[in-house]
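A.B. asks:
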Amino acid sequence: METPRLLSAYRPYWAKRFGTAPMLPMSRAEMDALGWDSCDIILVTGDAYIDHPSFGMALVGRLLEAQGFRVGIIAQPDWHSADPFRVLGKPNLYFGITAGNMDSMVNHYTADRKIRSDDAYTPNAVAGRRPDRAILVYSQRCREAFPGVPLIIGSIEASLRRIAHYDYWSDKVRRSVLIDSKADLLIYGNAERALVEISHRLGRGESVSEINDVRGTAFLRKQLPEGWEEVASTALDRPGKVEEQIDPYAMEPAMDKTGASCASTAAAAANNDGLAPGVQAITIVRKPKVKADRSRQFIRLPAYEEVVQDAVLYAHASRVLHLEANPGNARVLVQRHGDREVWLNPPPIPLTTREMDYVYDLSYARSPHPAYQKERIPAWEMIRFSVNIMRGCFGGCTFCSITEHEGRIIQSRSEASILKELEEVRDKVEGFTGTISDLGGPTANMYRLACKSEQIEKSCRKLSCVFPGICENLNTDHSHLIQLYRKARAIPGIKRIQIGSGLRYDLAVKSPEYVKELVQHHVGGYLKIAPEHSEENVLNKMMKPAMTAYDEFKAMFEQFSREAGKEQYLIPYFIAAHPGTTDEDMLNLALWLKRYDFKLDQVQTFTPTPMAMATAMYHSGKNPLRKVTHDSEEVPVPKAGSVRRLHKAFIRYHDPNNWPMLREALKRMGREDLIGSGKKHLIPAWQPIAPRDAVLVNGSRRGGADSAAAGRAGAGRQGAGRQGAGRAGAGNNSAGKSAAGRSSSANAAFTRGGKTGSSSSPQPAVRPARPAHPRPASSKPSGKKPGRPQR
2 METPRLLSAY RPYWAKRFGT APMLPMSRAE MDALGWDSCD IILVTGDAYI
52 DHPSFGMALV GRLLEAQGFR VGIIAQPDWH SADPFRVLGK PNLYFGITAG
102 NMDSMVNHYT ADRKIRSDDA YTPNAVAGRR PDRAILVYSQ RCREAFPGVP
152 LIIGSIEASL RRIAHYDYWS DKVRRSVLID SKADLLIYGN AERALVEISH
202 RLGRGESVSE INDVRGTAFL RKQLPEGWEE VASTALDRPG KVEEQIDPYA
252 MEPAMDKTGA SCASTAAAAA NNDGLAPGVQ AITIVRKPKV KADRSRQFIR
302 LPAYEEVVQD AVLYAHASRV LHLEANPGNA RVLVQRHGDR EVWLNPPPIP
352 LTTREMDYVY DLSYARSPHP AYQKERIPAW EMIRFSVNIM RGCFGGCTFC
402 SITEHEGRII QSRSEASILK ELEEVRDKVE GFTGTISDLG GPTANMYRLA
452 CKSEQIEKSC RKLSCVFPGI CENLNTDHSH LIQLYRKARA IPGIKRIQIG
502 SGLRYDLAVK SPEYVKELVQ HHVGGYLKIA PEHSEENVLN KMMKPAMTAY
552 DEFKAMFEQF SREAGKEQYL IPYFIAAHPG TTDEDMLNLA LWLKRYDFKL
602 DQVQTFTPTP MAMATAMYHS GKNPLRKVTH DSEEVPVPKA GSVRRLHKAF
652 IRYHDPNNWP MLREALKRMG REDLIGSGKK HLIPAWQPIA PRDAVLVNGS
702 RRGGADSAAA GRAGAGRQGA GRQGAGRAGA GNNSAGKSAA GRSSSANAAF
752 TRGGKTGSSS SPQPAVRPAR PAHPRPASSK PSGKKPGRPQ R
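Just add 1 to wherever you are in the sequence shown, counting from 1, and you've got my numbering.
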């Protein structure tokens, strides 16, 4: 892996003389005020423009501005004509096009393919301000507005669609977004390195068609270049160390059956010792093996036309793509689409701590653009008092897309840079009262965790560093994070720091000191964790730890809470209808929930997002975590709507609306012993009678419905999901904190019997029920619901 040029080492573009803009311009009037006659680069986004590093366009825009380019923003344009794309004039270099922090299809539709009623990245949460498949629509309009201007596409939507991909919303395999968008370049993963290099090369007059050697980019070719070796993807084996087979012709010392070395035996034969007169021994000399140049190899994936016809080949292609994801050893991937080749260069090299500081220390206004005036943007409200400390995730959860977008190597900021940003939040962000809502990233506790050996890290091809167990080469020392927490709490004016990012509890238990620090200083009554399921066979398909890790962490959590004199509770989250899940698995999960008196008010059903390993399972019915063939392991996939509703209903076993469906399922499964009114029963045999004119169904009153109709309503509303903001650049099964750091799946609000615990953090909704634990008499429910934790 070559040493890349530092982001700060480029000679600034000539327009650096214009200085730093208070806000990147969104109108001609703002350009005039800055003294600009044109923009060098125009960024088009499906999000509202918020000048904060948690939002992709702001981070990229400020980075390019620091390189000397004049950058304009077109945020949430009306795509019904090309006119809104002409508002800033013709860019001198290129259009940079993104759908925003979220995939536009995940943003628009629930897991049940129903249209969402809000958009957290839009002023006043108004839905419908971006089109479906926004990358394609925006690209078409930019071409129409200014033909001939280069188009560079990026963001989570483009990144996860860089090759042929299964599209859940149309239920078919679609072509690479490069083909359909007609873009010149696609940038995947963290875009800083690629964007800076491409921008400077275009600024020097290089044609976009000549830029084909930048890591983290994809483009189209008609013909393959000379001097490259093709490797068929079907020739690749599973990851991990491969023991070299013994070569019978190797001239190496080894022992023969008599105990003599093979070398001495060969020498004796060469001297004709022990041979009959006239007999000459023949010496076989092995030709030295020439090591292949991986930098000049490309892997041939099955063509688009093949993966459309054969779901097994699709799963195989998905597996190979994930195996070729380590920047230290990944090779070029090529996939044919008709008469063109989609050429994917290896992933970008992760940013160093120095570069992370450079990116996050830029001159952000830390507020929405003034054009929005006092309109409320939920995504901004969620992260305005939070600080991102790292990127990447080595967890490898199969339903999550963070790894495919940000990579497995953790990229951390320095302690000094983080503390500086905390002071800026204190001094600059309007409405700050002393509470930091989060100090984290895609996960709460991977800060500065890495492989113990740089050489092993570069050569590793494992899909996860923590599954099926924590790798012996992984450094799990949380001391840097503990020290950061303590220094952050000591900043004058910082009264409280909460940890809102989801906790990787299987890592946390490796550092009891960290768990104690977290529990006693950074938990506001409730801590979100995501076991996702209780059954081992399902957890294996998710690449999640066994429940023994949950039990171990729970014991630590309760011990340290008692020692601090605090009454605190864990909020577990689960996914319904994940590939590999059967009705029996969901029943066992329901029994686990009942045993611990957990009641989930909202539940996320699995959403197959492009490129996720679980999506390959969903589409193919095969397990890409192992070598895929037509005879390899079959994975049960709950696809039918009735099955998905049943699986959601099992998690919400306490909801009377679900009881008719569950009774029918339990009878079919031969588990009528779970129907009754005793403690050992899951659901009662009776159905409550509600007023005919006002039956409460999933939180809303509907007239004229009887209880049976209420029961048929199923598991209730789809989880609201997008609890607000995102970190620019990554994403996963659903919304939440997506992009360059945070990603969270749709929320599952937690309820338990009794009153809510006193806390300044978001409180879960509570249903009347038998108290599982006594709560403080002074507790007051806030009515708020917690966001979904990271995977």
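No residue lacks a Cβ here, since even glycine has one placed at the ideal position from N, Cα and C.
Here's the rule I'm using: 16 or more other beta-carbon atoms within 10 Å means buried, otherwise exposed. How should glycine 525 be labelled?
C.D. replies: Locating residue 525 in the sequence shown gives position 524, counting from the first residue. By the neighbour-count rule (16 or more Cβ atoms within 10 Å), glycine 525 is buried.
A.B. asks: Go ahead and pull the three-state DSSP assignment for phenylalanine 558.
C.D. replies: Taking the first residue of the sequence shown as position 1, residue 558 is located at position 557. In the structure shown, phenylalanine 558 sits in a helix (DSSP, three-state: H, G or I).
A.B. asks: Does the beta-carbon of proline 23 have 16 or more other beta-carbons within 10 angstroms, so that it is buried, or is it exposed?
C.D. replies: Your numbering for residue 23 matches position 22 in the sequence shown. Under this definition proline 23 is an exposed residue.
A.B. asks: So, under 8 angstroms CB-CB, histidine 620 and tyrosine 167 are touching, yes? Tell me the CB distance rounded to an integer number of Å.
C.D. replies: The residue labelled residue 620 in the question sits at position 619 within the sequence shown. The residue labelled residue 167 in the question sits at position 166 within the sequence shown. Indeed they touch by this definition, with Cβ atoms about 4 angstroms apart.
A.B. asks: Would you kindly work out how many angstroms separate the C-alpha atoms of histidine 631 and valine 313, rounded to a whole number?
C.D. replies: Position 630 of the sequence shown, counted from the first residue, corresponds to residue 631. Position 312 of the sequence shown, counted from the first residue, corresponds to residue 313. For histidine 631 and valine 313, the distance between alpha carbons rounds to 6 angstroms.
A.B. asks: Is the separation between the beta-carbon of leucine 528 and that of glutamine 569 shorter than 9 angstroms?
C.D. replies: Taking the first residue of the sequence shown as position 1, residue 528 is located at position 527. Taking the first residue of the sequence shown as position 1, residue 569 is located at position 568. Contact: yes.
A.B. asks: By the 10 Å Cβ neighbour count, where 16 or more other Cβ atoms means buried, how is lysine 453 classified, buried or exposed?
C.D. replies: For the purposes of this step, residue 453 is identified with residue 452 of the sequence shown, where counting begins at 1. That one is exposed.
A.B. asks: For tyrosine 50, is the classification buried or exposed, using 16 other Cβ atoms within 10 angstroms of its Cβ as the cut-off for buried?
C.D. replies: Translated into positions along the sequence shown, residue 50 becomes position 49. Buried: at least 16 other Cβ atoms inside 10 Å.
A.B. asks: What ranges does the beta strand (DSSP E) occupy inside the stretch 486–528, keeping only unbroken runs of at least 3 residues that lie completely in it?
C.D. replies: Fully enclosed beta strand (DSSP E) runs of 3 or longer: not present.
A.B. asks: Helix or strand or just coil, what does DSSP make of methionine 612?
C.D. replies: As a working mapping, residue 612 is identified with position 611 in the sequence shown. If DSSP states are grouped into helix, strand and coil, methionine 612 belongs with coil.
A.B. asks: Short check: CB of isoleucine 42 to CB of serine 200, under 9 angstroms?
C.D. replies: The residue given as residue 42 occupies position 41 in the sequence shown. The residue given as residue 200 occupies position 199 in the sequence shown. Their beta carbons are under 9 angstroms apart, which means isoleucine 42 touches serine 200 by this criterion.
A.B. asks: With proline 573 as the anchor, note down where its beta strand (DSSP E) starts and where it stops.
C.D. replies: Position 572 of the sequence shown, counting from 1, holds the residue named residue 573. The continuous beta strand (DSSP E) containing proline 573 extends over residues 570–577.
A.B. asks: Decide yes or no for the touch test of the stretch 192–199 against the stretch 216–234: beta carbon pairs closer than 8 angstroms, at least 3 of them.
C.D. replies: Verdict: yes, contact present.
A.B. asks: If contact is defined by three or more beta carbon pairs under 8 angstroms, each pair taking one atom from either stretch, is the stretch 653–667 in contact with the stretch 593–612?
C.D. replies: Per the Cβ contact rule, the stretch 593–612 is in contact with the stretch 653–667 (3 or more Cβ pairs under 8 angstroms).
A.B. asks: Determine the DSSP secondary structure at lysine 292, reduced to helix, strand or coil.
C.D. replies: Position 291 of the sequence shown, counted from the start, is the residue given in the question as residue 292. Lysine 292: coil per DSSP, three-state reduction.
A.B. asks: Check valine 767 in the structure and name its three-state DSSP category.
C.D. replies: The count along the sequence shown starts at 1 and reaches residue 767 at position 766. Low per-residue confidence applies at valine 767: pLDDT is 32, beneath 50, and the placement is therefore not dependable, though the value from the model is reported in the following sentence. In this structure, valine 767 counts as coil in the three-state DSSP scheme.
A.B. asks: Grouping DSSP H, G and I as helix and E and B as strand, with all else coil, what is lysine 429?
C.D. replies: As a first step, residue 429 must be located in the sequence shown, where it is residue number 428. In the structure shown, lysine 429 sits in a helix (DSSP, three-state: H, G or I).
A.B. asks: Which of the three DSSP states, helix, strand or coil, is assigned to leucine 464?
C.D. replies: Taking the first residue of the sequence shown as 1, we reach residue 464 at position 463. In this structure, leucine 464 counts as coil in the three-state DSSP scheme.
A.B. asks: Distance, Cα to Cα, glutamate 536 vs lysine 517?
C.D. replies: Residue numbering aside, residue 536 sits at position 535 when the sequence shown is read from its first letter. Residue numbering aside, residue 517 sits at position 516 when the sequence shown is read from its first letter. Using only the alpha carbons, I get a separation of about 28 angstroms.
A.B. asks: Relative to the C-alpha of arginine 640, which residue among Ala293, Gly329, Gly47 and Gly622 is closest?
C.D. replies: Taking the sequence shown and counting its residues from 1, one reaches residue 640 at position 639. The sequence given here has lysine at residue 640, not arginine. Ranking the options by Cα distance to lysine 640, first place goes to Gly622.
A.B. asks: Evaluate the contact criterion for the stretch 66–73 versus the stretch 117–136: three or more CB pairs, one atom per stretch, below 8 angstroms.
C.D. replies: no
A.B. asks: How many angstroms separate the CA atom of leucine 35 from the CA atom of phenylalanine 19?
C.D. replies: Position 34 of the sequence shown, counted from the start, is the residue given in the question as residue 35. Position 18 of the sequence shown, counted from the start, is the residue given in the question as residue 19. For leucine 35 and phenylalanine 19, the distance between alpha carbons rounds to 7 angstroms.
A.B. asks: Counting only runs that start and end within the stretch 84–154, where is the alpha helix (DSSP H) found for 4 or more residues in a row?
C.D. replies: 105–109 and 135–146
A.B. asks: Would DSSP call methionine 634 helix, strand or coil?
C.D. replies: Position 633 of the sequence shown holds residue 634. According to the sequence as given, residue 634 is glutamate; it is not methionine. The answer is coil: DSSP assigns glutamate 634 none of H, G, I, E or B.
A.B. asks: Alpha carbons only, please: which of Glu455, Lys488 and Thr399 is nearest the one belonging to phenylalanine 468?
C.D. replies: Counting from one through the sequence shown, the residue named residue 468 turns up at place 467. It is Thr399.
A.B. asks: Assuming isoleucine 154 and leucine 203 are in contact, meaning their beta carbons sit under 8 angstroms apart, how far apart are those beta carbons, in whole angstroms?
C.D. replies: The residue you call residue 154 lines up with position 153 of the sequence shown. The residue you call residue 203 lines up with position 202 of the sequence shown. Rounded, the Cβ-Cβ distance is 15 angstroms, inconsistent with contact.
A.B. asks: May I have the straight-line CA-CA distance separating methionine 447 from isoleucine 403, to the nearest angstrom?
C.D. replies: One-based indexing of the sequence shown puts residue 447 at position 446. One-based indexing of the sequence shown puts residue 403 at position 402. Approximately 14 angstroms between the Cα atoms of the pair.
A.B. asks: Measuring alpha carbon to alpha carbon, tell me which of Asp552, Glu553 and Glu533 ends up nearest methionine 544.
C.D. replies: Your numbering for residue 544 matches position 543 in the sequence shown. Considering only alpha carbons, the answer is Glu533.
A.B. asks: What distance in whole Å lies between the Cβ atoms of methionine 614 and serine 234, which are believed to be in contact at a cut-off of 8 angstroms?
C.D. replies: Against the sequence shown, residue 234 aligns to sequence position 233. Against the sequence shown, residue 614 aligns to sequence position 613. With 8 angstroms as the limit, serine 234 and methionine 614 do not qualify as a contact, their Cβ atoms being about 16 angstroms apart.
A.B. asks: Near proline 92, what residues of its chain come up, given a Cβ to Cβ distance below 7 angstroms and the 5 sequence neighbours on each side ignored?
C.D. replies: For the purposes of this step, residue 92 is taken as the residue at position 91 of the sequence shown. Within the same chain, proline 92 has close Cβ partners Cys40, Asp41, Ile42, Ile43 and Val150.
A.B. asks: Return the first residue and the last residue of the beta strand (DSSP E) that threonine 46 is part of.
C.D. replies: In the sequence shown, residue 46 corresponds to position 45, counting from 1. Where threonine 46 is concerned, the enclosing beta strand (DSSP E) stretches over 42–46.
A.B. asks: So, with DSSP's three-state summary, where would you put glutamate 407?
C.D. replies: Your numbering for residue 407 matches position 406 in the sequence shown. Assigned with DSSP and collapsed to three states, glutamate 407 falls in helix.
A.B. asks: Using a 10 Å radius around the Cβ and a threshold of 16 neighbouring Cβ atoms, would you call glycine 566 buried or exposed?
C.D. replies: Indexing the sequence shown from 1 puts residue 566 at position 565. That one is exposed.
A.B. asks: For a quick check, are the C-beta atoms of glycine 408 and proline 328 less than 9 angstroms apart?
C.D. replies: Numbered from 1 along the sequence shown, position 407 holds the residue referred to as residue 408. Numbered from 1 along the sequence shown, position 327 holds the residue referred to as residue 328. Yes, Cβ-Cβ distance for glycine 408 and proline 328 is below 9 angstroms.
A.B. asks: Pick helix, strand or coil for arginine 436, following the three-state DSSP scheme.
C.D. replies: Here the question's residue 436 lines up with position 435 in the sequence shown. The question names arginine, but residue 436 is threonine in the sequence shown. Threonine 436: strand per DSSP, three-state reduction.
A.B. asks: Residues in its own chain within less than 7 angstroms of arginine 114 by CB, not counting five upstream and five downstream?
C.D. replies: For this step, residue 114 is matched to residue 113 along the sequence shown. Taken in chain order, the residues that qualify are Trp170.
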